[in-house]
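Asks:
Protein chains: 2
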Amino acid sequence: MRWCRFQRDGNTGFGIIDDADTVTVIAGSPFGNYAVTGETHALGDVKLLAPVVPPTFYAAGVNYREHVTYAASLRGEEPVFPREPHVGYRAVNALVAHDDPIVIPRDASEQVQYEGELVAVIGRKCRDVPEDEALDYVFGYTIGNDVSERAWQKSDRTLWRAKNSDTFKPMGPWIVTDLDPDDLHVTITLNHRVVGEYDVRTAIFGVARYISAMSRYMTLVPGDVLWMGTDGATENMKDGDVVAVEISDIGTLRNPVRREAGADGG
Amino acid sequence: MRWCRFQRDGNTGFGIIDDADTVTVIAGSPFGNYAVTGETHALGDVKLLAPVVPPTFYAAGVNYREHVTYAASLRGEEPVFPREPHVGYRAVNALVAHDDPIVIPRDASEQVQYEGELVAVIGRKCRDVPEDEALDYVFGYTIGNDVSERAWQKSDRTLWRAKNSDTFKPMGPWIVTDLDPDDLHVTITLNHRVVGEYDVRTAIFGVARYISAMSRYMTLVPGDVLWMGTDGATENMKDGDVVAVEISDIGTLRNPVRREAGADGG
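In the order they appear, the protein sequences are chains L and A. Taking this note's numbering, the leading residue of the first sequence gets 1333, the next gets one more, and so forth. Taking this note's numbering, the leading residue of the second sequence gets 1333, the next gets one more, and so forth.
1) Give me, in chain order, the residues of the same chain whose beta-carbon lies closer than 7 angstroms to that of L:Asp1460; leave out the 5 immediate sequence neighbours on both sides.
2) Classify A:Glu1410 as buried or exposed, calling it buried when 16 or more other Cβ atoms lie within 10 Å of its own Cβ.
3) When DSSP labels each residue in this structure, what does L:Ile1358 get in the three-state scheme?
4) Could you work out which residues of chain A lie near L:Trp1506, taking near to mean beta carbons separated by less than 9 angstroms?
5) Any beta-carbon of chain A closer than 8 angstroms to the one on L:Arg1407?
6) Just the Cα atoms here: how many angstroms apart are A:Gly1360 and A:Thr1388?
7) Taking only three categories from DSSP, how would you classify A:Leu1467?
8) Given that a residue counts as buried once 16 or more other Cβ atoms are within 10 Å of its Cβ, and exposed if not, what is A:Asn1425?
9) At a Cβ threshold of 8 angstroms, is L:Ala1600 touching chain A?
10) Could you tell me which whole beta strand (DSSP E) segments of length 3 or greater appear in the stretch 1387-1463 of chain A?
11) Going by DSSP, name the residue or residues bridged to L:Asp1531.
12) Does chain L have any CB closer than 8 angstroms to the CB of A:Trp1559?
13) Quick one: what does DSSP say A:Ala1352 is sitting in, helix, strand or coil?
14) Does the Cβ-Cβ distance between L:Thr1474 and L:Gly1504 come in under 8 angstroms?
15) Could you check the C-alpha separation between A:Pro1417 and A:Ile1543 for me, to the nearest Å?
16) Rounded to whole angstroms, what is the Cα-Cα separation between A:Gly1594 and A:Ala1440?
17) For A:Gly1370, count neighbouring Cβ atoms within 10 angstroms of its own Cβ and tell me buried if that reaches 16, exposed if not.
18) Does A:Asp1478 have its Cβ less than 8 angstroms from a Cβ in chain L?
19) Whether or not the stretch 1368-1384 of chain A and the stretch 1531-1540 of chain A are in contact is what I'm after, with contact meaning three or more pairs of Cβ atoms, one per stretch, closer than 8 angstroms; do they touch?
20) Can you pull out the residues from the stretch 1490-1514 of chain A whose beta carbon lies closer than 7 angstroms to at least one beta carbon of chain L?
21) Would you give the residue range spanned by the alpha helix (DSSP H) that L:Val1539 belongs to?
22) Can you check whether the CB of L:Gly1561 is closer than 8 angstroms to the CB of L:Val1384?
23) What does A:Asp1571 touch in chain L if you count any residue whose Cβ is under 8 angstroms from its own?
24) Closest to A:Asp1478 by CA distance: which of A:Ala1494, A:Trp1484, A:Thr1356 and A:Thr1584 is it?
25) Label L:Cys1458 either buried or exposed according to how many other C-beta atoms from any shown protein chain fall within 10 Å of its C-beta, with 16 as the threshold for buried.
26) Give the residues of chain A in contact with L:Pro1387, contact being defined as C-beta atoms less than 8 angstroms apart.
27) Given a cut-off of 8 angstroms on the beta-carbon distance, is the pair L:Ala1382 and L:Trp1559 in contact?
28) Select from the stretch 1537-1554 of chain A all residues with a C-beta closer than 9 angstroms to any C-beta belonging to chain L, and list them in chain order.
29) Under three-state DSSP, which class holds A:Ala1483?
30) Can you find a CB in chain A that lies within less than 8 angstroms of the CB of L:Pro1414?
31) Assuming L:Asn1662 and L:Arg1422 make a contact with CB atoms under 8 angstroms, what is their CB distance in whole Å?
32) Taking the C-alpha atoms as reference points, what is the distance between A:Asn1568 and L:Glu1463?
33) Within 10 angstroms of the Cβ of L:Phe1338, are there 16 or more other Cβ atoms? Answer buried if so, exposed if not.
34) Should A:Pro1437 go down as buried or exposed, given a rule of 16 or more other Cβ atoms within 10 Å for buried?
35) Give the range of the alpha helix (DSSP H) segment to which L:Arg1590 is assigned.
36) Consult DSSP for L:Gly1476 and reduce its assignment to one of helix, strand or coil.
Here it is as structure tokens:
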């Protein structure tokens, strides 16, 4: 099943998208109580929004070997692979939807880069769940682009503007349920050129391991999202580019890139 | 004006508390549209909740000189004072209210410590605001206790369980409007013994400077909270303790401390 969140005529709501790309509007939320209404729209007639605004926005951060090696090389360091699934955070102010522009702040460097990744969306409240039951608490999966300003990532004490500037967290286009996260393939393109691809199952820690470890200390609730990290090296994006993250059986999250007016980055 | 969020008879809502400690229930939210109702309760007859669940939960982290020196000494390092107000994040799963227990995970060390601090609550959407207008966007102020497990804070890649284990973020008891944040005094007690006190105006960066700097990159929205950091050294808390953070003109946030059953920390 495909779930979207959308805006139409000034109203915001959730909907179910069928194979003919018809959106059936629901009353309520898939993360609470809901009822299917008789109202439908063509997918092309609604403005897609980020498919959920998470109560807490978790991110694995460093979870694929090639990317850990790449990130360490940027810092002139040897790679250190995580021994435990320690989770980080991102911020909802930065969320934008499929098709929305990624806006590079005017004082950012040229090193603003994509990170295409799988996103698991929590569907049921959970605390202290074993790994072999953890996927039962997942509502479905969507796609995230963990846009990162590499100069700020090196210079700043936290990841605030490096990872969480407005528009730096495209998520969407929709959530797909009933998938096996270990059977998904990620392809990232920049201006239609493939710049990265990997299999989700090559992650250092999978979705089930993360959820189990996190839930030992933290209650996960419906709508929480867990961004699973990316693999490989990444390239700079500039004004006028189009970046897309495709995940098999989910779809494609595509965003144009703009630089804020008055730019003189470098 | 004093604003609270509360639960009564299974219902959750916001209310205004008068000088006689009577809660007038409002319909809606002070962070959106609301109307005052005719329903009132004695403050003692409602269960206070964390006064807001923030869309994004910001934390200054290191913002007072003595505390930066203390934190560095724990790591065996020289203190490095921040040159810019770079903000960090906390997570809503960890929020609890005044009077709710802080529960120490059973595998935590003995080094679970309080950090009493001022919390600014955003009232109006803002982006790119100058420092001299920034306080116009604050709804009011409350109190936070940034409970921290120091062994995990040293060992883990992120602050996930060190700072964001369930119950590690007491906030409350209410929000007070129309205060000057530079005219507030913080007193922290552990079992009624004063273990720390400081003036908010001695912060490295004040509320206005933080909001102005953050809003350069990020849109702040009503209900977002900014925890301003603590000063001084901190002590361990153990099962049976009571920790309280008092801020002049706001009130007292008090929480009992428990250790999770099956504990063998150390």
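Glycine is no exception: its CB is placed at the ideal position from the N, C-alpha and C atoms.
Replies: Taking the structure as given:
1) Ser1547 and Arg1548
2) Per the 10 Å Cβ criterion, exposed.
3) DSSP, reduced to helix, strand and coil, places L:Ile1358 within a strand of the structure shown.
4) Neighbours of L:Trp1506 on chain A: none; closest Cβ ~22 angstroms, over 9 angstroms.
5) no
6) Going by the C-alpha atoms only, they are around 20 angstroms apart.
7) helix
8) Around the Cβ of A:Asn1425, a 10 Å sphere holds 16 or more other Cβ atoms; the residue is buried.
9) There is no way to answer for residue 1600 of chain L, as the model of chain L reaches only from 1333 to 1598.
10) For the stretch 1387-1463 of chain A, the full-length beta strand (DSSP E) segments reaching 3 residues or more read 1389-1391, 1434-1436 and 1448-1454 along the chain.
11) L:His1517
12) Residue-level contact check: A:Trp1559 does not touch chain L, since none of the beta carbons of chain L fall below 8 angstroms from its beta carbon.
13) coil
14) yes
15) 9 angstroms
16) 11 angstroms
17) exposed
18) Output row for A:Asp1478: interface = no.
19) These segments do not touch.
20) Thr1490, Trp1492, Arg1493, Asn1496, Ser1497 and Asp1498
21) Val1539 to Ser1547
22) no
23) Per Cβ cutoff of 8 angstroms: no residues; A:Asp1571 is ~18 angstroms from chain L at best.
24) A:Ala1494
25) buried
26) Within 8 angstroms Cβ-Cβ: Val1385, Val1424 and Asn1425.
27) When the beta-carbon positions are compared, L:Ala1382 and L:Trp1559 stay at least 8 angstroms from each other.
28) In summary, the residues of the stretch 1537-1554 of chain A whose CB is separated from some CB of chain L by less than 9 angstroms are Met1546, Arg1548, Tyr1549, Met1550, Thr1551, Leu1552 and Val1553, in the order they occur in the chain.
29) A:Ala1483: helix per DSSP, three-state reduction.
30) Interface residue, yes.
31) The structure shown does not extend to residue 1662 of chain L, since chain L is modelled only from 1333 to 1598, so the question has no answer here.
32) 32 angstroms
33) buried
34) buried
35) Unbroken run through L:Arg1590 is the beta strand (DSSP E), Gly1583 to Arg1591; no alpha helix (DSSP H).
36) strand
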